[in-house]
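Asker: 105 is the number that the UniProt record's numbering gives to position 105 of the sequence shown; each next residue is one higher, with no gaps. Virtual Cβ for every residue (Gly too), placed ideally from N, Cα, C. After the C-alpha cells below, expect a handful of questions from me.
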Amino acid sequence: MASTGASRLNAVCDLFVPTYRGPFFGAACSAGAMSLVGESKSLFRTIMRLHRVKLDPAMRSLGDTYARKEFRLHAKPQVQEAHKQMFLKEWRAYVDMVSSQATVTGQELSEEQKSKLNDQQKVQLDSLEKSAKALGQQ
Numbered sequence: 001m002a003s004t005g006a007s008r009l010n011a012v013c014d015l016f017v018p019t020y021r022g023p024f025f026g027a028a029c030s031a032g033a034m035s036l037v038g039e040s041k042s043l044f045r046t047i048m049r050l051h052r053v054k055l056d057p058a059m060r061s062l063g064d065t066y067a068r069k070e071f072r073l074h075a076k077p078q079v080q081e082a083h084k085q086m087f088l089k090e091w092r093a094y095v096d097m098v099s100s101q102a103t104v105t106g107q108e109l110s111e112e113q114k115s116k117l118n119d120q121q122k123v124q125l126d127s128l129e130k131s132a133k134a135l136g137q138q
C-alpha cells in the first residue's frame, strides 16, 4: 500500500514538475517546485472539482486543459516567487468567483486588465473569445 501512495504522490509531482522522478520529492524536484506543489495541490484539485460540478462538458474540457497548462508553467524553477504568489492569488480569486455563482458565465475584462495585456496576449484573448462563442452556439 505504501508504494501506491508513493506512486500517487509521484504522479501529482509529475503533473506540476514533469522532470521529477524521485520518490516523495527527492533531490530532482527543486525547492521552488516543491513549495508550489505543496501550496497549489489542493487549489488545483478544488479547481478541477469546481469545473466538474459547475461547467458544461465543452467548457470543462477547455477549463481543465487551461488550468493544467498554467499550473505546469508556473511550477518551473525559473518562475520568480513573486509571480508564483500572484498566480496563486489569481486562481484563488477564480475559485471564489466560480464558487459563488449558481451558473458560470463569462466576465468582461476591465479596461485596466486589457491595458496590461501585450500584443500576443490580446491575439490569444481574441482567439479564446471566438472559440468560447462558437461553443456557446452549439
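For the putative contact between Leu55 and Val104, defined by C-beta atoms under 8 angstroms, what is the C-beta separation to the nearest angstrom?
Answerer: Yes, they are in contact, since the Cβ atoms of Leu55 and Val104 sit about 6 angstroms apart, within 8 angstroms.
Asker: In the stretch 62 to 124, which residue ranges form an unbroken alpha helix (DSSP H) of at least 4 residues, counting only runs that do not cross its ends?
Answerer: Counting whole runs of 4 or more residues, the stretch 62 to 124 contains the alpha helix (DSSP H) stretches 81 to 100 and 111 to 115.
Asker: Output yes or no for whether 9 angstroms exceeds the beta carbon distance between Ala134 and Met59.
Answerer: For Ala134 and Met59, no; Cβs fall outside 9 angstroms.
Asker: Considering only the beta carbon of each residue, do Glu70 and Trp91 sit closer than 9 angstroms?
Answerer: For Glu70 and Trp91, yes; Cβs fall inside 9 angstroms.
Asker: Please say whether Met48 and Asp64 have beta carbons closer to each other than 9 angstroms?
Answerer: The answer is yes: Cβ separation under 9 angstroms.
Asker: For Lys89 and His83, what's the separation of their Cα atoms in angstroms?
Answerer: Spanning the two alpha carbons is a distance of roughly 10 angstroms.
Asker: When the Cα atoms are used, what is the spatial distance from Lys130 to Lys114?
Answerer: Cα to Cα, Lys130 sits roughly 17 angstroms from Lys114.
Asker: Measure the beta-carbon distance from Leu117 to Leu125 and round it to whole angstroms, keeping in mind my assumption that it falls under 8 angstroms.
Answerer: Right, the Cβ-Cβ distance comes to about 7 angstroms (below 8 angstroms), so this counts as a contact.
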